[in-house]
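Respectively, the protein sequence lines represent chains X and S. For what it's worth, the UniProt record's numbering labels the leading residue of the first sequence as 1, then goes sequentially. For what it's worth, the UniProt record's numbering labels the leading residue of the second sequence as 1, then goes sequentially. No residue lacks a Cβ here, since even glycine has one placed at the ideal position from N, Cα and C.
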Amino acid sequence: MREVDRRSKHSRRVFLKGAATAVPVVAAATSVGVSIESAWADDASALEPATMKTLLKVARDIYPHDVLGDSYYIVAIKPWDGKAAKDPAVKSLISDGIARLDQNARDRHKLPYAEVPWEADRVVLLKEIEQSDFFQKVRGDLIVSLYNQKEVWPKFGYEGSSAEHGGYINRGFADIDWLPKA
Amino acid sequence: MAKFDLNDSGVVVIVGSGAGGGTLGNELAQKGVKVVILEAGPRIENQDFINDEWDSFSQLAWSDTRTTSGTWRVAKDFPNLPAWIVKAVGGSTVHWAGASLRFDEHEFKVKSTYGNIPGANLLDWPVTLAEMEPWYAKAENKMGVTRTNGIPGLPGNNNFKVLEAGAKKLGYKTVHTGNMAINSQPRDGRGSCQQIGFCFQGCKSGAKWSTLYTEIPKGEATGNLEVRPNSMVIKIEHDASGKVTGVVYADESGATQRQKARIVAVAGNSIESPRLLLNSASTMFPDGLANSSGQVGRNYMRHMTGSVYAVFEKSVHMYRGTTMAGIIRDEAANNPKRGFVGGYEMETLSIGLPFMAAFLNPGAWGRPFTSALDGYPRMAGMWLVGEDMPQETNRITLDPTVKDKHGMSVASVHFDDHPNDVAMRAHAYKQGAAVYDAVGATVTYPTPPYPSTHNLGTNRMSEKAKDGVVNKFGQTHDIKNLFVSDGSQFTSGAACNPTLTIVALAIRQADYIAGAMQKKEI
């Protein structure tokens with residue numbers, strides 16, 4: 001059978017900054033010893049970097065795929081900052097939602113949400129706010145913003161658009177080879 | 001191409017260009033009848049279709065606001081998207097899967113066969129299978145249905161091979177790649193299937209039959225058919241004698257136009273068609289047009305549906321190739337010993353990763369959900385589609401508060417499963433899982449119904465005027481020059497996919513209309 005190559009074919013995307021400035025930011029981050037992992041959050045304009053980092057953890061905990069690096073989740077959640085910049089209601093939805101989650105985490109574990117070490121314990125905290133507008137909006141958005149990234153698809157063995165490749169008639173539509181003989 | 005005057009009162013106006021409207025339009029045009037098709041959506045040709053689920057959804061889907069109520073899960077998960085149908089020239093023949101099956105004989109006689117089922121508004125059709133057979137044959141020939149007219153079946157893809165192997169292990173007998181209106185070899189000026197795998201997003205190669213690139217251009221070539229896209233009909237008008245005289249519609253610019261007509265045929269699918277009749281209420285017809293029975297909008301059926309996805313140790317890549325070219329028919333018969341009346345089909349189905357995320361278990365999150373998606377490349381899938389019970393309370397009404405941009409009340413869709421539907425779904429989930437377990441599934445997922453693709457029954461056929469909206473030719477009992485030409489005519493839903501029957505009825509209706517026009521009856 002023809003398997004799908006699941007290795008990332010793209011260099012780390014432009015999630016660090018806008019495309020035009022991506023390289024300098026990486027260079028700057030390296031030169032001052034700041035980790036690349038945190039640079040993306042410092043770039044947020046409406047939401048606090050700490051809020052964005054916690055939102056990343058929340059996104060991972062809602063749809064945990066160990067095969068996906070943070071970059072895919074960052075691409076999925078980053079638009080919240082832009083929406084928050086345009087709409088104060090969105091800004092407070094996210095800020096207040098994260099603040100409440102952190103407070104609940106501190107009450108329970110004496111740690112902010114993102115530092116609660118076990119996913120299972122963080123999921124308990126998410127369960128408590130599952131019916132909230134914050135959780136529902138973040139979860140509903142992720143269903144599209146995470147799973148509709150074309151860069152994510154090969155990780156799930158999905159090949160996307162096929163017509164321009166002539167469909168699958170010569171590319172394995174019937175190449176299954178492990179079934180018992182009928 | 002024909003262009004008819006708004007004041008030409010000799011034309012037949014057809015509302016909608018899908019399986020019913022598009023076919024009726026071409027058939028009438030071939031007989032020399034002047035036809036104007038008013039289509040609410042744009043004209044998008046097949047080279048412009050998009051192999052991307054969400055982008056295609058934005059391009060094709062009917063996303064105008066609708067409201068929902070009832071205990072069906074769609075009302076909770078997708079409250080403004082009760083149905084997944086198309087708003088474009090070609091209607092839902094653009095995104096249909098191509099499965100083209102005839103009703104069984106008993107499925108035209110459900111009241112006689114099933115008897116009194118509490119809560120079900122069962123009625124025999126005023127036509128029989130014997131009467132429909134020649135029209136089915138014409139429809140199969142027109143659409144190029146595989147395994148008819150000497151047309152070979154489609155080759156089985158990976159998803160079919162899993163289904164077939166499991167079905168045979170389980171002892172099922174009638175298992176094949178379906179009766180599909182998708183070319184397995186070049187036919188009628190269209191090429192053969194390239195196994196693209198995006199049947200639901202519009203067939204870019206044109207191998208799948210759609211009125212968009214078969215009936216409509218053929219009708220236009222006669223000089224008797226004009227198709228006006230982006231034309232949303234908002235009201236049907238009538239004269240003092242009660243005969244319809246034309247329609248009011250909003251054109252592309254939003255301006256209101258009035259097209260006169262000798263005959264009006266409504267083919268807007270089972271949500272919009274009753275909505276239009278109800279929105280056309282007048283002093284003479286205060287409950288809406290053709291509604292003396294009170295049945296307009298009632299008996300809404302959406303088929304008993306559900307899906308089973310199964311994950312295996314090794315890869316399947318179910319998304320490769322024709323989406324629905326695979327069927328098990330052994331459960332389609334009426335066998336009340338199973339604990340329900342009617343039957344169901346098991347058909348291969350695949351959706352891409354984006355839609356799998358959205359529809360596998362709407363609202364779910366966490367490891368159980370992501371574990372299922374992690375199995376995507378090793379997943380096989382089937383759709384379960386069976387006869388659901390018509391119920392008077394399952395109905396399309398006009399929303400009391402929500403209006404569209406033209407100021408017309410939007411459709412509100414109420415649906416509750418009948419206990420027979422629930423029992424059938426439970427059986428189908430069990431059998432579907434058994435098919436995959438037989439060939440080593442490690443886990444199976446009984447997946448809830450999607451927004452409705454099969455919408456039926458809301459202007460049903462009946463022998464007597466008090467029991468339904470239209471007669472055996474789709475002519476309304478109340479108004480002789482007003483017809484219904486889509487799946488809303490269905491008296492009952494049968495187990496199988498409805499399009500072939502819609503097309504067969506449209507061919508037959510064209511014959512009837514042309515004859516009645518010639519005899520000056522209408």
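Using a cut-off of 7 Å between C-beta atoms, extract the partners of Trp178(X) located in chain S. Lys314
Taking 8 Å as the cut-off, does the segment 175-194 of chain S touch the segment 299-310 of chain S (at least 3 CB pairs, one atom from each stretch)? no
Using beta carbons (cut-off 8 Å, strictly below), is Phe134(X) in contact with chain S? no
Following the continuous alpha helix (DSSP H) through Tyr72(X), name the residue where it begins and the one where it ends. 70-77
For Asn334(S), which residues of its own chain have a beta-carbon under 7 Å away from its beta-carbon, when the five flanking residues on both sides are left out? His106, Thr113, Val341, Gly342, Gly343
In chain order, what residues of the same chain lie with their CB nearer than 6 Å to the CB of Ser31(X), ignoring the 5 residues before and after it? Only weak support exists for where Ser31(X) lies, its pLDDT of 41 falling under 50; the coordinates are left without a value.
Is it true that the CB of Gly166(X) sits closer than 8 Å to the CB of Gln201(S)? no
Counting Cβ pairs closer than 8 Å, one from the segment 42-61 of chain S and one from the segment 152-169 of chain X, do we hit at least three? yes
Indicate whether Ser488(S) and Ser231(S) have their beta-carbon atoms separated by less than 8 Å. no
Just reading off the beta strand (DSSP E) that Thr476(S) is part of, what are its end residues? Element bounds for Thr476(S): n/a, residue is neither H nor E.
Please confirm whether residue 223(X) has its beta-carbon closer than 8 Å to some beta-carbon of chain S. In this structure chain X extends from 1 to 182, so residue 223(X) is not present and cannot be described.
Using 8 Å for Cβ pairs, my map puts Val162(S) next to Val316(S). What's the rounded Cβ distance? 6 Å
Using the C-alpha atoms, what's the distance from Asp43(X) back to Thr21(X)? Because the pLDDT at Thr21(X) is just 40, under 50, the model does not fix this residue reliably, and the value given afterwards should be weighed accordingly. Distance between the alpha carbons of Thr21(X) and Asp43(X) is about 12 Å.
Rounded Cβ spacing between Ala510(S) and Leu123(S) (contact assumed at less than 8 Å): Contact flag wrong, Cβ pair sits at about 25 Å.
First and last residue of the uninterrupted beta strand (DSSP E) at Gly306(S): 304-311
Would a check of beta-carbon distances place Trp54(S) closer than 8 Å to chain X? yes
Label Gly294(S) either buried or exposed according to how many other C-beta atoms from any shown protein chain fall within 10 Å of its C-beta, with 16 as the threshold for buried. exposed
With DSSP run on the structure shown, which of helix, strand or coil describes Ile129(X)? coil
Taking only the alpha-carbon atoms, compute the straight-line gap between Val233(S) and Gln391(S) and give it to the nearest angstrom. 28 Å
Starting from the beta carbon of Glu151(X), find every residue of chain S whose beta carbon is closer than 9 Å, and list them in chain order. Chain S residues near Glu151(X): none, gap ~12 Å exceeds 9 Å.
Residues of chain X with CB under 9 Å from Thr174(S), in chain order? Under the 9 Å cutoff, chain X gives no residues; its nearest Cβ is about 14 Å from Thr174(S).
For Gly381(S), name the three-state secondary structure that DSSP assigns. strand
Within 10 angstroms of the Cβ of Val67(X), are there 16 or more other Cβ atoms? Answer buried if so, exposed if not. exposed
Closest residue to Pro152(S) among Asn299(S), Tyr429(S), Phe359(S), Ser192(S) (Cα-Cα distance): Ser192(S)
Give a yes or no on whether the minimum CB-CB distance between His317(S) and chain X is below 8 Å. yes
Is there a Cβ from chain X that is less than 8 Å from the Cβ of Ile14(S)? no
Using a Cβ cut-off of 7 Å, which residues of the segment 150-178 of chain S contact any Cβ in chain X, in chain order? Pro155, Gly156, Asn157, Asn158, Lys161, Val162, Glu164, Ala165, Lys168
For the segment 470-488 of chain S and the segment 410-419 of chain S, state whether three or more C-beta atom pairs, one from each stretch, are separated by less than 8 Å. no
DSSP three-state call for residue 608(S): helix, strand or coil? With chain S running from 1 to 522 in the structure shown, residue 608(S) is simply not present.
Just to confirm the assignment, what range does the alpha helix (DSSP H) spanning Leu81(S) have? Note, Leu81(S): premise wrong, no alpha helix (DSSP H); not H, not E.
In angstroms with no decimal places, state the Cα-to-Cα distance between Leu142(X) and His303(S). 31 Å
Cβ neighbour criterion (16 or more within 10 Å) applied to Asp2(X): With the sequence shown as reference, residue 2(X) is identified as Arg, and Asp is not the correct amino acid for it. Classification of Arg2(X): exposed, given that the 10 Å Cβ count is below 16.
Below 7 Å on C-beta distance, what does Asn148(X) contact in chain S? Trp54, Pro354
Nearest neighbour of Arg320(S), chosen from Lys181(X), Leu179(X), Pro180(X), Asp175(X) [CA to CA]: Asp175(X)
In whole angstroms, what separates the C-alpha of Val266(S) from that of Leu129(S)? 24 Å
Just verifying my parser: in three-state terms, what is the DSSP assignment at Tyr436(S)? helix
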